[in-house]
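Presented below is the structure to which this report refers.
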Amino acid sequence: MQRVVLASGSPRRKQLLEWAEVPFEVMVANTDESYPANITAIQDIPVYIARNKAAAVQHKVKDRNIIAADTIVVLHNEVIGKPIDREHAIEILQRLSGQNHLVITGVVIKSGEKEIAFADITEVSFHELTTEQITFYVDKYKPYDKAGAYAIQEWIGVVGIKSINGDFYNVMGLPVSRVVQALNDLHHVSSDSF
Numbered sequence: 025m026q027r028v029v030l031a032s033g034s035p036r037r038k039q040l041l042e043w044a045e046v047p048f049e050v051m052v053a054n055t056d057e058s059y060p061a062n063i064t065a066i067q068d069i070p071v072y073i074a075r076n077k078a079a080a081v082q083h084k085v086k087d088r089n090i091i092a093a094d095t096i097v098v099l100h101n102e103v104i105g106k107p108i109d110r111e112h113a114i115e116i117l118q119r120l121s122g123q124n125h126l127v128i129t130g131v132v133i134k135s136g137e138k139e140i141a142f143a144d145i146t147e148v149s150f151h152e153l154t155t156e157q158i159t160f161y162v163d164k165y166k167p168y169d170k171a172g173a174y175a176i177q178e179w180i181g182v183v184g185i186k187s188i189n190g191d192f193y194n195v196m197g198l199p200v201s202r203v204v205q206a207l208n209d210l211h212h213v214s215s216d217s218f
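First residue of the sequence shown: 25, per this note's numbering; consecutive thereafter.
Below you can see the structure in the form of structure tokens.
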């Protein structure tokens, strides 16, 4: 497989591509993670942000595939971003406690002028969490760089999540099997075009 560029500093996305044995290098450019208010379909939000991440590194990359991704958490049609501090992280987890929410990862894969873009959606259900569980998790794991203030592969996911419907790895930050399929499709399309 052709070496790819991961336009993300996320250690989880890096780990998932390593597990999939996709050869890659990380190249990150700081990008604005805001989005226009007129985006009507909520799953288009992370795709929009991922597209900006891909565009930010594209001028530095020649003849390689770029993978960019962004993950959001959605509770009752409201986008829950990354917590700004300890109190905000606790408040977010209190809101998610006992509820179902969606984790949506937008992925953009670019190869020259070609682009594959999609959103992968996983439904996650939390048990009722106690204040003690929430504060223990926030104080020990400091989930300030994570949408929804949690990581499914950490303690809170092990003890707090009742069920998931969809791709587990999507909740970690990258629907990696779908990404590998898309890379194969892109390579196949590129081969056929000669």
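The beta-carbon is built from N, C-alpha and C at its ideal position, and this holds for glycine as well.
Whole-Å CB distance - residue i paired with residue j, under 8 angstroms assumed
i, j, result
"residue 197", "residue 36", "4 angstroms"
"residue 160", "residue 186", "Not really, about 19 angstroms apart at Cβ, beyond 8 angstroms."
"residue 95", "residue 60", "Not really, about 19 angstroms apart at Cβ, beyond 8 angstroms."
"residue 114", "residue 176", "So it is not a contact: roughly 18 angstroms between Cβ atoms."
Reduced DSSP category for residue i - H, G, I as helix; E, B as strand; rest coil
i, result
"residue 127", "strand"
"residue 146", "strand"
"residue 216", "The predicted position of residue 216 is uncertain, since its pLDDT is 43 and thus under 50; a value taken from the coordinates is nonetheless stated next. Three-state DSSP puts residue 216 in a helix."
"residue 44", "coil"
"residue 106", "coil"
"residue 68", "helix"
Chain-order list of residues whose beta-carbon lies under 6 angstroms from that of residue i (same chain, five-residue window excluded)
i, result
"residue 214", "Note that residue 214 scores 49 on pLDDT, short of 50, meaning its location in the model is unreliable and no value can be drawn from it."
Neighbourhood of residue i by C-beta distance below 7 angstroms, restricted to the same chain and skipping five residues each side
i, result
"residue 208", "none"
"residue 120", "99, 150 and 172"
"residue 44", "200 and 204"
Pair within 8 angstroms by beta-carbon distance, residue i and residue j
i, j, result
"residue 40", "residue 193", "yes"
"residue 172", "residue 116", "yes"
"residue 206", "residue 133", "yes"
"residue 93", "residue 131", "yes"
"residue 99", "residue 83", "no"
"residue 38", "residue 55", "no"
Residues near residue i by beta carbon distance below 8 angstroms, same chain, minus five either side
i, result
"residue 29", "48, 49, 50, 51, 81, 85, 88, 89, 90 and 91"
"residue 136", "87"
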